[in-house]
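Asker: My structure is below; once you've seen it, I'll send some questions.
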Amino acid sequence: MEPQSQTITVSKVTPLIFNQLYADHGDTLSCPCTTNAILFKDFVSNEIIFHPICSSIFVSQQWIQALYNPNASTYTPPDFRTTAMSQFEILASFCSLSQDTVFENQIDIGNNEYITISLLPEVQVQTEVNGTVGFLKNSASAGIISFLNYLRIITRANYLISALNTNAVMGFFVFSSEYRIMGSTTFYSPYSSDTDKPDSHVACSNTNPITPAGFFEYSTVWIYEIHQWWYLPSPGTIMVDGFFGGCTPLESILQSTLDCLYDVTCIQLLLNYFPALNQIQLNWTNSVLTSKQQNASVIDYLDDLFIEEWSIEMNYSKYFDECAASYCTYTTTDRNDFTYAITLSISLYGGLIVIFRLIAPFLISSAMKLRYRPRNANVNLGAQNTFIYKFIESVKRLNLFKVANERTENNIKQQKIITRVYLILLTAVHPDTLKCPCSTVAIPYQKFVSLSPILHQICSSDFVGARWLVIMGKGTNSYISSDWRNIANGQLLLLSNLCQLANNMIDDAIHRFLLQTFIASTALIEIDLNTQLNATLNQLFQSTIVRFAFLVDTVTFVLSGPTGINSGKVNCICATNPNCEDPVAVDNNDYVYDHVDVEIAYIVPGSIAGCSSSHSLQLSTLECFYSDSDCFSIVMNYIQKAYFANVLYPVWFDPSPLIYDSRLSRFPPNTSINTIVKNIMVEEWNPSTSYNNFYESCAPNYCTYSQTIPTNSVVGVIIKLVSMIGGLIVSLHLITPLLVKFIIYLLSMINKRQQEPEQQQVRLKWFDQLKLTTRNVASLVYTKSISLNIFPRREFGNNIDQVTVRRLGQWSTRLYIALMIIGLAILTLYSVVQPHSLTKSFNQPSFNLYNQLFQKYGDQLKCSCSSIASTYNHFVKIEPAFHEICSSPFVSDEWRMNLTAGLDLDLSSYTLMDYRRFLSAHLQYLQGLCKISIESTNNSVDQLLSSLLVTTQLLPETVFYERTDLLIKHSKSSAPTTFARLNFLTRSVNHGNAIISSYGTNFEYIGPWYGWYSYAITQPKIYDNGCSCALYPNCTSQARFIEMNSSEIIPIRGLKIGCTPSESFLLSNLACFYDQSCINIIQQYTNSTNSSISLAITKSQFSINTTIAELINDLFVEEWATNINYSSYYEQCSPLLCSYTYSKQINLLYTITLILGLQGGLTIVLKWICPKIVRIAAKCCRQLEQPVSVPIHKQQQQVR
């Protein structure tokens, strides 16, 4: 038989069987998984070991508070006593943040779905799992580092001042018997004195210099300049190994390597300078750190989330069980099944014998005629041969699939062209039914998609480069902080970091996207592929833009502190109106000893001052940085003038201006920077897709299309007819004579009865007639069987007498009948009794029909999805319902402005503890929290609805609801994570840096410290229970109104004041907004005429005593109103076929056809072999009988 490709199915697959099958048939092996999306937590476990610092005494509150020094602000920035407690406090926050992030990351990894259409080998699963876990871990740490870097820049850009006197110092001096106050940023020089290189000083307002930390003798000197300037440590200074001092404790700890904590001697040194450490009863020798990662900096540790080892344990057996592949198939080229070959050969043999007997004479006659036919010289055999040759060659060149030994560039190109033409033709002829199943269903986007985004040209310009930023830092106006050159310096620093942050977030988003998989059950045509990709890419772009905007808004919201703006044109207090604006100008100044005379030299177009540097940046434009603007040369001249005035040895260069081209940029020069930032600084995303790469990755082995044709092909019908001819001829050969004789007999009996007189006929009862007929038939059958002889004399030779021939013929006939019955019985039973799996199919069933079928057949019903991947937004609707406060008038700008309109513009006129100083800040904070909560929740919902549900088989309704509910619950629980993480980091850094609140609620300056020209020190505010803002950020007291002319105090229900308005409000609750009398008191003391209605208690699931911090943990969400539509999922799955399989053993028509087919072949074989068997048996019998008679024995010897 000719070798044929055969698909082998193996059921009851075990890991051992699968490994063997994969080793033998890896190229064609396919084991479809019952579950296509497996949660990582079901087969992957993680074991994580953190750096020992995070579990050591050095990050405990006991250690941190023992480092507290109430006189910390009296030392210089590099003195370790200044920042020791703050550095360790930030370090502890980093450890806590890292551990929480890793824990949340583990949950995210566990709930991440591993898409597996078919069962995969262990090595491949392990590799993909390691890649996914590693990417998610790195992505989480990269997000923290990016946010932290942005936080560092915006802290400097907003000129947030540390109470530790590290980045700015305040001084007092006596003038005309009066104390005057002055302030300045601090400076660092990498040299030993300011006379070595005057231009080497680096200001903390521009960069973040650091120097090794130690204990300096001159730290306590009261002179102002000693604290304003700091240098490298002089020889002999007692140093703290691995620790640094800098502009802020954050900058210092990030560069620290913690070497001191590995050395007992160094720890003993700390005990000498921090006496409170001696109260910790601990064996320091056993407490020193031991780590595999010594000499790495804290920022390196944070980049790894303080993880020393992350081991991933992938349980392949659990993956195998979750996949639950019920069978495997592979293709092999082999000869036909042996039993089938025998059956078919026997069936065809009989029919072919009969056919050949009929056509053989005709063929021989025709051949003889052709042999003697004269040759025709005019026949051009060469042309015929040429045509045949060309046809054969064209067939050889047709190649739809790859060939291993034909991998040259020319061959590959030819294969692609032929395949493309073939697909186009098929699509044109059968556009609706063409299906080319992909051999690889899950294709990573990186295989056929690339993205090359182009950022706004400002991000690659000289203006945000290090060289120009140095010039801008030294081209400022030292006397007037509101000068455009000062503001522009901070804005360009911030803009530079925004560009870096945008670039990092874009790279991360693209990397995440390209690692995701595109699910394609069949090869899509190019138009459909581009349509799907455009929708997916637009979703990627929008989600990335939203994430970036959320990050920027969060930092701006958390860090923006109210400052006052009071110019000749605008009189605005940011404490009550966060939207204050003022044009920015370049100022000319005349410095006099006791004051500075200011004159506006030039108002810079497009530059706006807001309530913070970040707010100012968002309001401003870049128009004065474009070449075609009138103001570009003007502002450059002013910067150059200030730079040459401030620098002894100037090194100037002219930055290249921005060039606007409407064909290349979608942002005109007068576009606000806020608009550019909201679009993540991107001009063009530049996506590129390759259909060739997609098709190669899909790698369809074949294509199919539907066409209505007869059930059996012509070849199949011919084979069946040929196989049945022999059996029909034999059967008819036996039956026809008997049938004719029986008919003649019946006719003769009828005629005979008609001739006999009616009265002579003896009528028997029907039962007697039946017995008589049966007896006659049995007698006839027996007589015929005994005497039946179907073999002619020639089968036994001519040297045997007639009686012996007849006897041998009768025995041969009996043997023939017996073997025929046995042979037919055995072959028929073997072929028929075997159970046949039959599949009942339903093409494109409606949803109602599917429900009926599922109720009838249950889990046996299988429906293959034509679309195996669908986004949840097609069948899930989620409408978050938020706390009533977020939609109430209390969070509106109008209500707040009307409420505070009656307050004094100068809020400092109220006593420090009067709530009227903080009311507007709290309302602004509440409004911001609601906005960010709504944005964060909507982002989570959008992310959920844009994720994919991958199912090759239609999920039953209960399984679908369970799976969807699980995903929604996970999304709901993880929604607050991003904001909570950013908020925690911001609050921890602000407190660790000891940032002074502009409200003066956490620290206050004390001066003069000593003498007539000294610096000012700071001291923390103390709240209830002796809580110090230096040690804790969340110290609070009851909010209250204080009468100016009396000692009357009016407490306000549920509200608190504390170290900062944000921290105190987080510990407050909304009880006052549920109490009409409380609202009336607020309106009374703010002189407001607004009429406001309190909130309704019954409209919230939260208690009125729930703190704002607790509400934030739920993002102010009351509920997620969810609507899951199974019928919509069914439409997305769009099953083309539903089926159920059952077993059936006997098919009457198939049995009759098989018997007829076998009978013909067996008849010929047995007719040939039975006489020979009988002759041999007879001969053997005669030989056994011959020894009884001696003469016969001798006669036999003579015969021999």
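The sequence shown maps to residues 309 to 1508 in our numbering. Backbone N, C-alpha and C define an ideal beta-carbon position, used for all residues, glycine too. Computed from a prediction, not measured in an experiment: that's the story for all the values here.
#1: If we count the other Cβ atoms within 10 Å of its Cβ and call it buried at 16 or more, is G544 buried or exposed?
#2: Can the beta-carbon of C1446 be found less than 8 Å from the beta-carbon of Y1158?
#3: DSSP on N785, reduced to helix/strand/coil?
#4: Quick one: grab the DSSP three-state call for R1224.
#5: Can you give me the C-alpha to C-alpha distance between Y1090 and L671, rounded to a whole angstrom?
#6: Count the CB pairs spanning the segment 1343 to 1356 and the segment 385 to 401 that are closer than 8 Å, and state whether there are at least three.
#7: So, at 8 Å on beta carbons, what are the nonlocal neighbours of Y278 in its own chain, with the 5 sequence-adjacent residues on each side left out?
#8: Nearest CA to the CA of I346: which residue from E421, V352, Q328?
#9: What runs of the alpha helix (DSSP H), each 4 residues or longer, lie entirely inside the segment 1116 to 1187?
#10: So what's R1490 in DSSP terms, helix, strand or just coil?
#11: Counting only runs of 3+ residues fully inside the segment 805 to 838, write out the beta strand (DSSP E) ranges in chain order.
#12: I947 and Y910 - do their beta-carbons sit closer together than 8 Å?
#13: Quick one: residues in its chain with C-beta nearer than 8 Å to the C-beta of P1197, no 5 flanking neighbours on either side, listed in chain order?
#14: How long is the line joining the alpha carbons of I881 and S381, rounded to whole angstroms?
#15: Here's a check: name, in chain order, each residue in its chain whose Cβ is nearer than 6 Å to the Cβ of K349, leaving out the five neighbours to either side.
#16: Please tell me whether N354 and I423 are closer than 8 Å, where the distance is taken between their beta carbons.
#17: Terminal residues of the continuous alpha helix (DSSP H) containing Q1392?
#18: With H, G and I counted as helix, E and B as strand and the rest as coil, what does DSSP make of G522?
#19: At 4 residues or longer, and completely inside the segment 1402 to 1456: list those alpha helix (DSSP H) runs for me, N to C.
#20: If we call anything under 8 Å between Cβ atoms a contact, is P1008 one with C1173?
#21: For S1195 and F1424, what's the separation of their Cα atoms in angstroms?
#22: Under a three-way DSSP split, which group does A1324 fall into?
#23: Looking at the unbroken beta strand (DSSP E) that takes in I1358, where does it start and where does it end?
#24: Report buried or exposed for Q371, applying the criterion of at least 16 other Cβ atoms within 10 angstroms of its Cβ.
#25: I'd like the list of long-range same chain contacts for D1383, defined as Cβ closer than 7 Å, with 5 residues on each side in sequence excluded.
#26: State buried or exposed for T1309, treating a residue as buried only when at least 16 other CB atoms are found within 10 Å of its CB.
#27: Alpha carbon to alpha carbon, what distance is there between L1211 and I356?
#28: Spatial neighbours of Y1438 within its chain, please: CB distance less than 8 Å, with the 5 preceding and 5 following residues excluded, ordered by chain position.
#29: Within the continuous alpha helix (DSSP H) that includes G439, where are the two ends?
#30: Kindly indicate the opening and closing residues of the alpha helix (DSSP H) around N413.
#31: Whose CA, out of L802, E621, S599, lies closest to the CA of R460?
#32: Looking at C-alpha atoms only, which residue of E834, E1270, F351, I1186 is the closest neighbour of K1280?
#33: Nearest-angstrom Cα distance between N794 and A810?
#34: Determine which residues share a DSSP beta bridge with A950 and list them.
#35: Would K320 be called buried (16 or more neighbouring beta carbons within 10 Å of its own) or exposed?
#36: Assign A1177 to buried or exposed, taking buried as 16 or more other Cβ atoms, counted over all protein chains shown, within 10 Å of its Cβ.
Answerer: In brief:
#1: In the sequence shown, counting from the first residue as 1, residue 544 sits at position 236. The residue is exposed, with fewer than 16 neighbouring Cβ atoms inside 10 Å.
#2: For this step, residue 1446 is matched to residue 1138 along the sequence shown. For this step, residue 1158 is matched to residue 850 along the sequence shown. Against a cut-off of 8 Å, the Cβ pair of Y1158 and C1446 comes out as a contact.
#3: Here residue 785 refers to the residue found at position 477 of the sequence shown. Correct three-state label for N785: coil.
#4: For the purposes of this step, residue 1224 is identified with residue 916 of the sequence shown, where counting begins at 1. In the structure shown, R1224 sits in a helix (DSSP, three-state: H, G or I).
#5: Position 782 of the sequence shown, counting from 1, holds the residue named residue 1090. Position 363 of the sequence shown, counting from 1, holds the residue named residue 671. Distance between the alpha carbons of Y1090 and L671 is about 45 Å.
#6: no
#7: The question about residue 278 has no answer, for the chain in this structure spans 309 to 1508.
#8: Here residue 346 refers to the residue found at position 38 when the sequence shown is read from its first residue. Minimum Cα distance to I346 is reached at E421.
#9: 1155 to 1165
#10: By one-based count along the sequence shown, residue 1490 stands at place 1182. It is helical.
#11: 825 to 827
#12: Here residue 910 is taken as the residue at index 602 of the sequence shown, counted from 1. Here residue 947 is taken as the residue at index 639 of the sequence shown, counted from 1. Result no, Cβ atoms of Y910 and I947 do not sit closer than 8 Å.
#13: In the sequence shown, the residue the question calls residue 1197 occupies position 889. These residues qualify, in order along the chain: W1203, S1400.
#14: By 1-based counting over the sequence shown, the position of residue 881 is 573. By 1-based counting over the sequence shown, the position of residue 381 is 73. Whole-angstrom Cα-Cα distance: 30 Å.
#15: Sequence index remark: in the sequence shown, residue 349 carries index 41 (1-based). So the qualifying residues of the chain are G418.
#16: Along the sequence shown, one-based indexing puts residue 354 at 46. Along the sequence shown, one-based indexing puts residue 423 at 115. Cβ atoms of N354 and I423: not closer than 8 Å.
#17: Taking the sequence shown and counting its residues from 1, the one referred to as residue 1392 is at position 1084. 1384 to 1393 is the extent of the alpha helix (DSSP H) around Q1392.
#18: In the sequence shown, the residue the question calls residue 522 occupies position 214. The answer is strand: DSSP assigns G522 an E or B state.
#19: 1416 to 1421, 1434 to 1441
#20: Counting from 1 along the sequence shown, the entry for residue 1008 is found at position 700. Counting from 1 along the sequence shown, the entry for residue 1173 is found at position 865. Result no, Cβ atoms of P1008 and C1173 do not sit closer than 8 Å.
#21: Indexing the sequence shown from 1 puts residue 1195 at position 887. Indexing the sequence shown from 1 puts residue 1424 at position 1116. Going from the Cα of S1195 to the Cα of F1424 covers about 11 Å.
#22: As a working note, residue 1324 is residue 1016 in the sequence shown. Of the three classes helix, strand and coil, the one that applies to A1324 here is coil, per DSSP.
#23: Sequence index remark: in the sequence shown, residue 1358 carries index 1050 (1-based). Taken as a continuous stretch (DSSP letters only), the beta strand (DSSP E) holding I1358 covers 1357 to 1366.
#24: Numbered from 1 along the sequence shown, position 63 holds the residue referred to as residue 371. At residue 371 the sequence reads Trp, which differs from the Gln that was named. It is buried - the Cβ of W371 has at least 16 other Cβ atoms within 10 Å.
#25: Taking the first residue of the sequence shown as position 1, residue 1383 is located at position 1075. Correct list, in chain order: R1361, S1402.
#26: Numbered from its first residue, the sequence shown carries residue 1309 at position 1001. Classification for T1309: buried.
#27: For the purposes of this step, residue 356 is taken as the residue at position 48 of the sequence shown. For the purposes of this step, residue 1211 is taken as the residue at position 903 of the sequence shown. Cα to Cα, the separation comes out at about 56 Å.
#28: Residue numbering aside, residue 1438 sits at position 1130 when the sequence shown is read from its first letter. Cβ neighbours of Y1438 beyond the five flanking positions: F1155, Y1158, L1262.
#29: On the sequence shown, residue 439 is found 131 positions in, with the first residue counted as 1. Here the alpha helix (DSSP H) through G439 covers 430 to 465.
#30: Residue mapping note: residue 413 aligns to position 105 of the sequence shown, counting from 1. 388 to 419 is the extent of the alpha helix (DSSP H) around N413.
#31: Here residue 460 corresponds to residue number 152 of the sequence shown, with the count starting at 1. Looking at the Cα atoms, L802 is the closest of the given residues.
#32: The sequence position of residue 1280 within the sequence shown is 972, counting from 1. Minimum Cα distance to K1280 is reached at I1186.
#33: As a position in the sequence shown, residue 794 is number 486, starting the count at 1. As a position in the sequence shown, residue 810 is number 502, starting the count at 1. Computed Cα separation, rounded: 24 Å.
#34: As a first step, residue 950 must be located in the sequence shown, where it is residue number 642. None; A950 has no bridge partner.
#35: Here the question's residue 320 lines up with position 12 in the sequence shown. It counts as exposed.
#36: Along the sequence shown, read from residue 1 onward, the residue named residue 1177 stands at position 869. Buried.
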